[in-house]
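In our numbering, the protein residues as written are 1 to 51.
For each residue, glycine too, the CB sits at the ideal point set by N, CA and C.
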Amino acid sequence: MRNLVSAKELAAAINVNLFTVYRADERGEIKNYGLGKAKRYDLNEILDINQ
1 MRNLVSAKEL
11 AAAINVNLFT
21 VYRADERGEI
31 KNYGLGKAKR
41 YDLNEILDIN
51 Q
């Protein structure tokens, strides 16, 4: 099950700057899920990358 969070919530959860999340997204390092105009990120997927 996906745990979709905003960029701000993701940054807080993994203790990085918000712009780090934006840069990783732009580079294709993390996957985003577009919901209308908003982008969301799967927290569990990101945490698996960092392990």
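| task | Output yes or no for whether 8 Å exceeds the beta carbon distance between residue 30 and residue 46. | result | yes
| query | What is the residue span of the beta strand (DSSP E) that residue 39 lies within? | reply | 38-42
| query | Whose CA, out of 41, 37 and 8, lies closest to the CA of residue 28? | reply | Taking only the C-alpha atoms, the option nearest residue 28 is 41.
| field | Minimum C-alpha distance to residue 37 - residue among 6, 1 and 2 | value | 6
| field | Beta carbon of residue 17 nearer than 8 Å to that of residue 11 | value | The answer is yes: Cβ separation under 8 Å.
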